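Numbering (numbering that gives the first Met the number 0), first residue to last: 0 to 210.
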Amino acid sequence: MQTTTALNVYRMLKISSVVISLFYLTGCGLKPVTVTPTQTYVLNPTIPTLTAHSTTLTLLVETPKASQAFDTPQIAYVNKPYQLAYFSYNQWADTPAQMLHPLLIQTLQNTDHFHAVLATAANGAQYDRVLNTRILQLQQSFLHHPSQVQFNIRAQLIDNNKHQVIATQQFNIIEPTSEDTPYDGVIAANKATEKLLQQIAEFCLANTAHQ
Numbered sequence: 000m001q002t003t004t005a006l007n008v009y010r011m012l013k014i015s016s017v018v019i020s021l022f023y024l025t026g027c028g029l030k031p032v033t034v035t036p037t038q039t040y041v042l043n044p045t046i047p048t049l050t051a052h053s054t055t056l057t058l059l060v061e062t063p064k065a066s067q068a069f070d071t072p073q074i075a076y077v078n079k080p081y082q083l084a085y086f087s088y089n090q091w092a093d094t095p096a097q098m099l100h101p102l103l104i105q106t107l108q109n110t111d112h113f114h115a116v117l118a119t120a121a122n123g124a125q126y127d128r129v130l131n132t133r134i135l136q137l138q139q140s141f142l143h144h145p146s147q148v149q150f151n152i153r154a155q156l157i158d159n160n161k162h163q164v165i166a167t168q169q170f171n172i173i174e175p176t177s178e179d180t181p182y183d184g185v186i187a188a189n190k191a192t193e194k195l196l197q198q199i200a201e202f203c204l205a206n207t208a209h210q
């Protein structure tokens, strides 16, 4: 009789242990999963102010192109030589090329140098000069301390009437960050963009000064 009672108690304890274990596992499974939100950033620097004598030229600013590695909303960085990576939870609102296009147009419009600055050649619009740009590099490099943003662009100005290249120039900006974080990289990228806008506008003005 005592043996039977002891056996029953043992069985009840074993069942209780299993129930408690299942409850614990189920409770763990119901806990909310922590998801790191993705931070989205824009290129929106202060537009440089340049002035020059007015001309009758109409300038077409084509949408910038980009090397394949930088033709993406992902924010690129380097922490090993020759190895390009992208931040997991930080990204651009659009590709850098798409964000740069309206900034170039606004900068060149503000010079009052051109009779008109066009974003597209739609509806048979006539234009005298064409500005082509290509992003060669836009990345945050952690190979330096503090880290730095490297923004490189090649620009080309074309005479559309003669179908000739007037000038080509590569612009290389290195902007240090305050801290080694993606957000500080974004701040540095905006500062670098402002400098590039200034230099590209000066490039366009210098090569159309006598028109």
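Just so it is clear, CB atoms sit at the ideal spot from N, CA and C, and this is done for glycine as well. This structure is a prediction, so every number in the text was calculated from the model and none was measured.
So the alpha helix (DSSP H) residue i belongs to, where does it begin and stop?
i      : result
Phe150 : That residue, Phe150, is in no alpha helix (DSSP H); its beta strand (DSSP E) goes 147-158.
Tyr182 : 181-205
Leu103 : 95-108
Is the Cβ-Cβ distance between residue i and residue j less than 7 Å?
i      : j      : result
Ala120 : Leu56  : no
Tyr85  : Ala75  : yes
Ala154 : Gln168 : yes
Pro47  : Gln197 : yes
Ala96  : Pro63  : yes
Val185 : Ile157 : no
His112 : Ala205 : no
Pro72  : Thr94  : yes
Glu61  : Asn131 : yes
State the start and end residues of the unbroken beta strand (DSSP E) segment that holds residue i.
i      : result
Ile74  : 73-79
Phe86  : 82-91
Gln168 : 163-175
Thr39  : 38-40
Let me make sure I understand the geometry here. Which of the options has the alpha-carbon closest to that of residue i?
i      : options                        : result
Asp183 : Pro36, Val34, Thr35, Tyr40     : Tyr40
Val148 : Leu195, Leu137, Asp158         : Leu137
Arg133 : Ile152, Gly123, Pro101, Asn122 : Ile152
Tyr89  : Gln38, Ala51, Leu103           : The amino acid at residue 89 is misidentified as Tyr; the sequence shows Asn. That would be Gln38, whose Cα lies nearest to the Cα of Asn89.
Phe69  : Ala51, Thr50, Leu135           : Leu135
Asn78  : Ser146, Ala118, Ala187         : Ser146
Gln100 : Pro44, Val34, Gln67            : The sequence as given places His at residue 100; Gln does not occur at that position. The shortest C-alpha separation from His100 is found at Pro44.
Ala208 : Leu49, Ser87, Thr54, Ala124    : Thr54
Leu103 : Asn160, Leu42, Lys161, Ala124  : Leu42
Let me know the secondary structure DSSP gives residue i once reduced to three states.
i      : result
Met0   : Residue confidence is low: Met0 scores 49 on pLDDT, short of 50, so the model does not pin down where it sits. No coordinate-derived value is stated.
Gln139 : strand
Ala68  : helix
Stretch pair the segment 134-142 + the segment 105-115: three plus CB contacts closer than 8 Å
no
With a cut-off of 8 Å, do at least 3 Cβ pairs link the segment 171-181 to the segment 189-209?
yes
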